[in-house]
Amino acid sequence: MLKVLKWLGIAVASLVVIVAVAAAAVLITGGRRANATVTVPDETVAIPADAASIERGRHLADAINKCVDCHRADFGGGMVIDAAPFMRLAAPNLTRGRGGIAAEYTDADWVRTLRHGVGKNGRKLALMPAEAYTHMDDADLGAVIAYIRTVSPVDRENPAKEYGPIARMLLVAGQFPLHVYDQIDHTRRTIVPRAPESDTVGNGRYLATIGGCTICHQANLAGGPIPGQPPEAKPAANLTPAGIGHYTEQDFFRALREGVRPGGAPIDSLAMPWPASGRMTDAEIRAVFAFLRSVPPVETPAATSSR
């Protein structure tokens, strides 16, 4: 019996060692993948200096690209994810103040960040919606960069990004959902042409694309599970006519301007950033509504949701 217990103890100890070594290997490998660098072609766009273009950049950053949702109204950044087992992530300070990145970022660095989801150091950015911004035309991209360069300096040093054990395991498994670099085709330009304002549907398509509607609502806008969200999270709404076909234009305005569904139920601003979307102009909201009315209807379970 003592001999059996001895060998059982050895087996258990060996198993513990094997599990510990395997866990350490996963964490180390995940850490390496988190800090790995990638290379994308350098691109530049014309950076305007006129007041009209800078104002266009301000409007895009505020109402369409929704930069302020993560980087704050002053663009000084702040904590976005604070879940240590998964990760801790702060949106960076985009200004020229202490702790900001603007002073050291070149035009090519900004383009790499916005079009490819890659930072100045060559590392993949997390939760940076470059999969939407990569479709912006050169003039609008340049306008956004021009505007960011004009914002007042903010002295704010945000904590560095930390990948916890869960994030590292997902990286090793190839299932980490927040590196947008992995969701972009870097081999070709995928710019969506900016339509003239007279082309209401085309203008709405452009705004919905660069505004990131397809990030949560899927490429066909039929809704479903949101990337990076837990399985129990409420799915994104079906924005095709099968989902919101009963919305009138007035209903759509109320949803984006007041955060209220047609039945009067409130819309969660953390799930759907209506406060930012509501700052679109009347013409832009009408254009997006016209575009959504034009897409093919897709019947899905999300059609019953009205987020």
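Counting in the numbering used here, the sequence shown runs from 730 upward without gaps. For every residue, glycine included, the Cβ atom is placed at its ideal position computed from N, Cα and C.
Buried or exposed (CB count within 10 angstroms, at least 16 for buried), residue i
i            : result
residue 794  : buried
residue 790  : buried
residue 782  : buried
residue 770  : exposed
residue 962  : exposed
residue 879  : exposed
residue 904  : exposed
residue 916  : exposed
residue 950  : buried
residue 964  : buried
residue 969  : buried
residue 1029 : buried
residue 975  : exposed
residue 832  : exposed
residue 941  : buried
residue 992  : exposed
residue 948  : exposed
Own chain, CB closer than 6 Å to residue i, minus 5 neighbours either side, in chain order
i            : result
residue 1003 : 985, 988, 996
residue 994  : none
residue 800  : 806, 820, 823
Which of helix, strand or coil DSSP assigns to residue i
i            : result
residue 869  : helix
residue 829  : strand
residue 794  : coil
residue 908  : strand
residue 916  : coil
residue 836  : helix
residue 1012 : helix
residue 808  : strand
residue 1001 : coil
residue 817  : strand
residue 894  : helix
residue 989  : strand
residue 847  : strand
residue 995  : strand
residue 801  : coil
residue 878  : helix
residue 1038 : Look at the range of the chain in this structure, 730 to 1036, and you will see that residue 1038 is not part of it.
residue 859  : helix
residue 841  : helix
residue 852  : strand
residue 749  : Only weak support is given to the placement of residue 749: the predicted model assigns it a pLDDT of 47, under 50, and the value that follows is read from those uncertain coordinates. In this structure, residue 749 counts as helix in the three-state DSSP scheme.
Cutoff 7 Å; reference residue i; Cβ partners in own chain excluding five residues on either side
i            : result
residue 838  : 849
residue 1013 : 936
residue 1008 : 791, 792
residue 1020 : 930, 933, 934, 937
residue 926  : 932, 1012
residue 808  : 819
residue 888  : 817, 819
residue 913  : 845, 846, 859, 860, 863
Identity of the residue in the options nearest residue i by Cα
i            : options              : result
residue 883  : 871, 826, 876        : 826
residue 774  : 867, 829, 820        : 867
residue 952  : 1001, 801, 800       : 1001
residue 936  : 946, 924, 947, 945   : 924
residue 886  : 823, 841, 944, 910   : 823
residue 1011 : 876, 992, 978        : 978
residue 877  : 821, 851, 896, 955   : 821
residue 828  : 835, 819, 913        : 819
residue 946  : 926, 927, 921, 973   : 973
residue 896  : 812, 778, 831        : 812
residue 1026 : 966, 999, 981, 992   : 966
residue 841  : 1024, 944, 909, 1018 : 909
residue 981  : 845, 941, 1022       : 1022
residue 830  : 881, 786, 912, 845   : 881
residue 919  : 845, 928, 778, 802   : 845
residue 835  : 810, 776, 942        : 776
8 Å CB neighbourhood of residue i in its chain, flanking five on each side removed
i           : result
residue 843 : 859, 862, 863, 865, 870, 873, 874
residue 902 : none
residue 797 : 790, 791, 804, 1005
residue 960 : 954
residue 851 : 766, 767, 768
residue 998 : 988, 1004
Contiguous alpha helix (DSSP H) assignments of at least 4 residues, all confined to the region 766 to 790: 780 to 788, all fully within the region 766 to 790.
Length-filtered (3 minimum) beta strand (DSSP E) runs lying within the region 928 to 983: none
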